[in-house]
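Engineer: So the sequence shown is numbered by the numbering used here: it starts at 23 and just counts up by one. Take this structure first; my questions come after.
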Amino acid sequence: MVVKALRAEDRKAASVSPALSRGLHLLSVFADAPVWLSNSDIAGRTDLPAATVARLTKSLTQMGFLHYSGSRRRFRLAPGVVRLGYGARSETQVIEVIRPHLQRIADRFGVHAALAVLDGVEALHLEVCHSSTTLVTLRLEAGSRVPLAGTPIGHALLAALEPARRESCLVDLECHHAAEWNVLLPQIEHGLVEIAGSGFTLSLGGWHPDVHGVAVPFKPSDQAAAMSLGCGVPKGQLPLPRLKELGGELVKLSALVTSSRENSLPVQ
Numbered sequence: 023m024v025v026k027a028l029r030a031e032d033r034k035a036a037s038v039s040p041a042l043s044r045g046l047h048l049l050s051v052f053a054d055a056p057v058w059l060s061n062s063d064i065a066g067r068t069d070l071p072a073a074t075v076a077r078l079t080k081s082l083t084q085m086g087f088l089h090y091s092g093s094r095r096r097f098r099l100a101p102g103v104v105r106l107g108y109g110a111r112s113e114t115q116v117i118e119v120i121r122p123h124l125q126r127i128a129d130r131f132g133v134h135a136a137l138a139v140l141d142g143v144e145a146l147h148l149e150v151c152h153s154s155t156t157l158v159t160l161r162l163e164a165g166s167r168v169p170l171a172g173t174p175i176g177h178a179l180l181a182a183l184e185p186a187r188r189e190s191c192l193v194d195l196e197c198h199h200a201a202e203w204n205v206l207l208p209q210i211e212h213g214l215v216e217i218a219g220s221g222f223t224l225s226l227g228g229w230h231p232d233v234h235g236v237a238v239p240f241k242p243s244d245q246a247a248a249m250s251l252g253c254g255v256p257k258g259q260l261p262l263p264r265l266k267e268l269g270g271e272l273v274k275l276s277a278l279v280t281s282s283r284e285n286s287l288p289v290q
């Protein structure tokens with residue numbers, strides 16, 4: 023699908039900045055595309071010349087709206103876009119506060135650590151931090167989605183919801199996963215029981231046979247959306263005791279950030 027950089031009426035409107043319009047339309051390409059796009063990918067989805075795309079992606083990266091991966095030679099949306107979209111919401115502050123703590127956990131345990139929110143029948147990753155101490159990690163980034171049903175981070179999200187909202191969500195999930203519901207529902211119920219007992223839920227290949235994960239519900243304030251904190255790691259990279267230790271660290275982090283926000287204090 024080609025996204026027009028400037029519609030006819032926009033060209034005629036003296037009040038519209040062509041550069042601003044092109045930049046915003048370029049960003050909109052990522053809304054319905056793979057997470058990572060190259061300059062040529064973007065040019066192919068717009069009517070912009072390659073040179074213009076290169077200038078815009080450079081500027082947007084410098085402004086914090088795009089992130090460039092040298093190894094992939096591609097761009098993805100950066101937290102600046104999340105801040106823009108959630109500018110009037112407290113969740114932006116949560117992302118800023120939680121990021122260094124997620125990175126610390128990712129580095130300490132050699133995992134990927136994520137903050138997620140509910141998005142229909144999926145968990146949307148608002149922030150993802152990868153370990154700087156290992157090259158073996160999961161290919162999930164901010165903007166990635168995983169199923170609610172069958173994943174630790176999804177089950178933790180369900181646990182963070184108010185009971186009535188959770189029941190409504192379970193109805194939606196049953197409709198969406200009708201053929202697999204007899205398998206998925208026991209997994210969800212097991213995850214909720216685990217969270218009620220230890221504060222976290224653990225999965226050893228439940229979502230994918232080669233992935234182990236752990237997650238906790240996260241509700242930083244009464245006004246904030248239900249969220250979850252989760253970590254994933256390739257099978258065999260962490261023994262079970264270490265995974266449980268990781269779960270305990272996520273429980274502590276959730277409590278720390280929630281307490282700090284309730285008292286309007288920054289997390290150190």
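Note that beta-carbon positions come from the ideal geometry of N, C-alpha and C, so glycine has one too.
Quick one: using the 10 Å Cβ neighbour count with 16 as the cut-off for buried, is residue 85 buried or exposed?
Structural biologist: The residue is exposed, with fewer than 16 neighbouring Cβ atoms inside 10 Å.
Engineer: Taking 8 Å as the cut-off, does the stretch 135–149 touch the stretch 241–259 (at least 3 CB pairs, one atom from each stretch)?
Structural biologist: A contact exists between the stretch 241–259 and the stretch 135–149.
Engineer: Work out the CA separation of residue 62 and residue 261 for me, nearest whole Å.
Structural biologist: Straight-line Cα distance between these residues: approximately 43 Å.
Engineer: Using the three-state DSSP reduction, which class does residue 219 fall into: helix, strand or coil?
Structural biologist: Helix at residue 219.
Engineer: Residues in the same chain with beta-carbon distance under 7 Å from residue 102, minus the five sequence neighbours each way, listed in chain order, please.
Structural biologist: Taken in chain order, the residues that qualify are 85, 86, 87.
Engineer: Pull up the CB-CB distance for residue 129 and residue 91, whole angstroms please, since I reckon it's below 8 Å.
Structural biologist: Not quite, the Cβ-Cβ distance comes to about 19 Å (not below 8 Å), so this is no contact.
Engineer: Can you tell me which of the three DSSP states residue 50 falls into?
Structural biologist: Residue state, collapsed to three classes: helix.
Engineer: Closer than 8 Å is the cut-off here; do at least three beta carbon pairs connect the stretch 189–198 with the stretch 265–283?
Structural biologist: Not touching, per the Cβ criterion.
Engineer: Identify the residues that DSSP records as bridge partners of residue 254: which are they?
Structural biologist: Note: residue 254 sits in a beta bridge opposite 134, 235.
Engineer: Taking the Cβ atom as the reference point for each residue, do residue 166 and residue 150 lie within a distance shorter than 8 Å?
Structural biologist: Yes, they are a contact pair.
Engineer: Are residue 177 and residue 162 closer than 8 Å when you measure CB to CB?
Structural biologist: No, they are not a contact pair.
Engineer: Can you say whether residue 45 is buried or exposed, counting buried as having 16 or more other CB atoms within 10 angstroms of its CB?
Structural biologist: Result: buried.
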